[in-house]
Amino acid sequence: MPVRPNLLDYRKACVEFTWDDARAALSGLPGGGLNIAHEAVDRHAAGPLAGHEALRFIRADGSSTSVTFSALALEAARFAGVLEELGVRPGERVFSLLGRVPPLYSAVLGTLKHGSVFCPLFSAFGPEPVRQRLSLGGARVLVTTASLYRRKIAGIRTALPELRHVLLVDADEAPGPDTLDLGALMREVTPAAGTALTGPEDMALLHFTSGTTGTPKGAIHVHDAVAAHYATGRFALDLHPQDIYWCTADPGWVTGTSYGIVAPLVHGVTSIVDEEEMDVDRWYGILAGQRVTVWYTAPTALRLLMKAGTGHAEGHDLSALRFVASVGEPLNPEVVVWGQEAFGLPVHDNWWQTETGGIMIANFPALPIRPGSMGLPLPGVEAALVKRDAADRPVIEDGEAVLVSSPGEVGELALRPGWPSMFRGYLHEDERYRRCFAGGWYLTGDLAKRDPDGYYWFVGRGDDVIKSSGHLIGPFEVESSLMEHPAVAQAGVVGVPDPVAGEMVKAFVELRPGHEPDDALRLEIIGFARKRLGPAVAPRQLDFTPALPRTRSGKILRRLLKARELGLPEGDTSTVEGQ
Ligand code: ATP
Ligand code: MG
1 MPVRPNLLDY
11 RKACVEFTWD
21 DARAALSGLP
31 GGGLNIAHEA
41 VDRHAAGPLA
51 GHEALRFIRA
61 DGSSTSVTFS
71 ALALEAARFA
81 GVLEELGVRP
91 GERVFSLLGR
101 VPPLYSAVLG
111 TLKHGSVFCP
121 LFSAFGPEPV
131 RQRLSLGGAR
141 VLVTTASLYR
151 RKIAGIRTAL
161 PELRHVLLVD
171 ADEAPGPDTL
181 DLGALMREVT
191 PAAGTALTGP
201 EDMALLHFTS
211 GTTGTPKGAI
221 HVHDAVAAHY
231 ATGRFALDLH
241 PQDIYWCTAD
251 PGWVTGTSYG
261 IVAPLVHGVT
271 SIVDEEEMDV
281 DRWYGILAGQ
291 RVTVWYTAPT
301 ALRLLMKAGT
311 GHAEGHDLSA
321 LRFVASVGEP
331 LNPEVVVWGQ
341 EAFGLPVHDN
351 WWQTETGGIM
361 IANFPALPIR
371 PGSMGLPLPG
381 VEAALVKRDA
391 ADRPVIEDGE
401 AVLVSSPGEV
411 GELALRPGWP
421 SMFRGYLHED
431 ERYRRCFAGG
441 WYLTGDLAKR
451 DPDGYYWFVG
461 RGDDVIKSSG
471 HLIGPFEVES
481 SLMEHPAVAQ
491 AGVVGVPDPV
501 AGEMVKAFVE
511 LRPGHEPDDA
521 LRLEIIGFAR
531 KRLGPAVAPR
541 QLDFTPALPR
551 TRSGKILRRL
561 LKARELGLPE
571 GDTSTVEGQ
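Throughout the sequence shown, residue numbering follows this note's numbering, covering 1 to 579 in sequence.
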């Protein structure tokens, strides 16, 4: 086992580490330049890891197929060859609308190898969100399945004049006149001989944000991002070549690419890919049966497991598991503690965004976890909290952002620009991009506080924070307290207008099985929260709901709870689950 760094090592690493150290650990292209596909597969395929298992696909019946690094490299070269043959030019956009199926991986890596830009879409999107993104991204190629094509693309095809080629991964004998059979093309093509000579600043990936706060943005990432995927995979996820790693993120989101594909491959790690949707017993079965060592998942999944009870974990041998991490939403302390019971391990929360391209703040493998905290900035990451004025704007004086210095004070989480996986723009939205930077910092839109040891604590998205009788209330803190009540499975908290307090805290609660949503329970939960949080912060109103509205990536949509409560327009709902 590798030696884990302690807090002193961490502080030392923060001082000594530079992103160039991470770049130096990569091999670079033989002719100069940098390409993610080369770092992720080709260099392994040409070295001692050639026969090592890169991907292990688990089918519905539990059987699996393995793909080695050399086989994956060949598939990627074939896909790059197909793009060449189709006349796709470097820099043009190749989209996917796919679940976790093997051709997705050759498509991502083949696109990067070819020097074009890859953009994954979430396969459960309806036709309109798909059309919006294909159109905004100027998609030239789309890789999808015959059934998804029929249901979501056929009807909008004429609205997408720039979309030249639709490649079907499962075309039957006679693919439609507007589509091509990817399997047949891959069999016949001459694999691309080399890798495009991309530079670190060439555009590689386009990722749409989750759309939690409004219309999704297309964040542009470049090949240099791989240096961050490499370093953060080691610092925050503790990846080592012998690991069996499972990232449960959907491939349609940035986590699915950065940590579902790139980071593990760059580290030469074997990734488990479950082709199915989430299911409690299946998940425990995979963790145990595949002897998963490192597991990267999300609060929404962990809360579901928790809701199902620890009974499901019993009888599964989870002894191979040594590290569990979570991202995407604040991780309630309750879940961290529950993880200890269920897996014998705490869950390590970490924080990042589509825009940051990689993990920025984390509860590191070796450092003590603070349940409810996002952790410490990674080596190479300079984080700060910027003061906000009465109108919620960042305070800038003489061109410099004014920073929060006292522990416990809330500010807007900011990062010093310059890390390799930082987004280089929002596609076609230059002004929106520029507005993210002020006073020398990238402003994340999230509010947080810091404790005396430098751990960051998420307070809420700037837009979600509640102002009640002069208090600044973070919905996360209230939701976490509610979840400590044995009847509460999940909670979403918003501020609703109140003539006296300005805003009043209102909670929406999803109950655990076996509890009746009646007035007695409502009063009991409100009383429970008042005891923990005090009357100024505890919810004054509480509604039960069978299911909180979520984004497709599983985040609670507080803006929608609020809009529905106030009878306001719902805004962009393209990424809402179940729409
Ligand atoms: P949009 O930007 O379109 O509104 P989004 O911000 O949800 O959507 P993502 O980039 O997928 O899109 O999500 C990043 C956001 O998720 C962060 O800014 C933060 O609000 C939240 N988040 C991610 N990880 C954590 C975490 N560990 N703790 C708290 N919040 C988190
Ligand atoms: Mg965002």
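By construction, the Cβ of each residue, glycine as well, lies at the ideal position given by its N, Cα and C atoms. On a predicted model such as this, the values are computed, not experimentally measured, just so you know.
Could you pull out every unbroken alpha helix (DSSP H) segment of at least 4 residues lying fully inside the region 112-138, listed in chain order?
127-136
Look up cysteine 247 in the DSSP assignment and give the residues it is bridged to.
Tyr296
Output needed for proline 546: all residues of its chain with C-beta closer than 6 Å, excluding positions within five of it in sequence on either side, in chain order.
none
For the pair the region 216-230 and the region 54-73, tell me if three or more CB-CB distances fall below 8 Å.
no
Should leucine 403 and valine 386 be called a contact, given that it needs their Cβ atoms to be closer than 8 Å?
yes
Could you tell me if the beta carbon of threonine 354 falls within a distance shorter than 7 Å of some heavy atom in the ligand ATP?
yes
Regarding arginine 43 and the ligand ATP, is the C-beta to nearest heavy atom distance less than 7 Å?
no
Leucine 136 and glycine 256 closer than 8 Å at C-beta
no
Secondary structure at glutamine 490, three-state DSSP: helix, strand or coil?
strand
Just checking my contact of tryptophan 246 with isoleucine 286 at CB under 8 Å: how many whole Å lie between their CB atoms?
7 Å
Relative to the alpha-carbon of serine 469, which residue among Lys449, Glu409, Leu163, Gly495 has its alpha-carbon at the smallest distance?
Gly495
Can at least three beta-carbon pairs, one atom from the region 408-419 and one from the region 441-451, be found at a separation below 8 Å?
yes
C-beta contact flag for alanine 529 and serine 480 at 8 Å
no
Grab me the residues of leucine 55's own chain with a C-beta within less than 8 Å of its C-beta, minus the 5 sequence neighbours each way, in chain order.
Ser66, Val67, Leu72, Pro102, Tyr105, Thr270, Ser271, Val273
Could you tell me the boundaries of the beta strand (DSSP E) in which leucine 205 lies?
203-208
Considering Cα atoms alone, identify which of Ile156, Val108, Leu205 is closest to arginine 131.
Ile156
Given 8 Å, three or more beta-carbon pairs between the region 318-330 and the region 275-293
yes
Quick one: residues in its chain with C-beta nearer than 7 Å to the C-beta of threonine 215, no 5 flanking neighbours on either side, listed in chain order?
Asp572
Backbone CA spacing between alanine 45 and glutamate 276 [nearest angstrom]
28 Å
Enumerate in chain order the residues of its own chain whose CB-to-CB distance from alanine 171 is below 8 Å, with the five nearest sequence positions on each side excluded.
Ala146, Thr179, Leu180, Asp181, Leu182, Gly183, Ala184
My output table needs one value for threonine 158: the three-state DSSP class, helix, strand or coil.
helix
Methionine 588 beta carbon near the ligand ATP (any heavy atom closer than 7 Å)
Coverage of the chain is limited to positions 1 through 579, which leaves residue 588 absent and any answer about it impossible.
I want to know whether the region 104-124 touches the region 73-80 - three or more CB-CB distances under 8 Å.
yes
Three-state class that DSSP yields for serine 421 in the structure shown
coil
If we count the other Cβ atoms within 10 Å of its Cβ and call it buried at 16 or more, is alanine 50 buried or exposed?
exposed
According to DSSP, simplified to helix, strand and coil, what is lysine 387?
coil
At a cut-off of 7 Å, would you count glycine 445 as near the ligand MG, judging by its Cβ distance to the nearest heavy atom?
yes
Is the separation between the beta-carbon of proline 379 and that of alanine 24 shorter than 8 Å?
no
Alanine 448 in three-state terms, based on DSSP:
strand
If histidine 316 sits next to alanine 288, beta carbons under 8 Å apart, how far is it from one beta carbon to the other, in whole angstroms?
4 Å
Looking only at its chain, what residues have a beta carbon closer than 6 Å to the beta carbon of valine 94, apart from the 5 residues adjacent to it on each side?
Thr111, Ser116, Phe118, Val141
Are the region 506-513 and the region 486-493 in contact at 8 Å, needing three or more beta carbon pairs?
yes
Could you spell out where the beta strand (DSSP E) holding glutamine 242 opens and where it closes?
Run containing glutamine 242: none; DSSP gives neither H nor E here.
Under the three-state DSSP convention, the category alanine 478 falls into:
In the sequence as displayed, the identity of residue 478 is valine instead of alanine. Helix, per DSSP.
Considering only the alpha carbon of each residue, which of Thr144, Glu400, Trp419 lies closest to alanine 438?
Glu400
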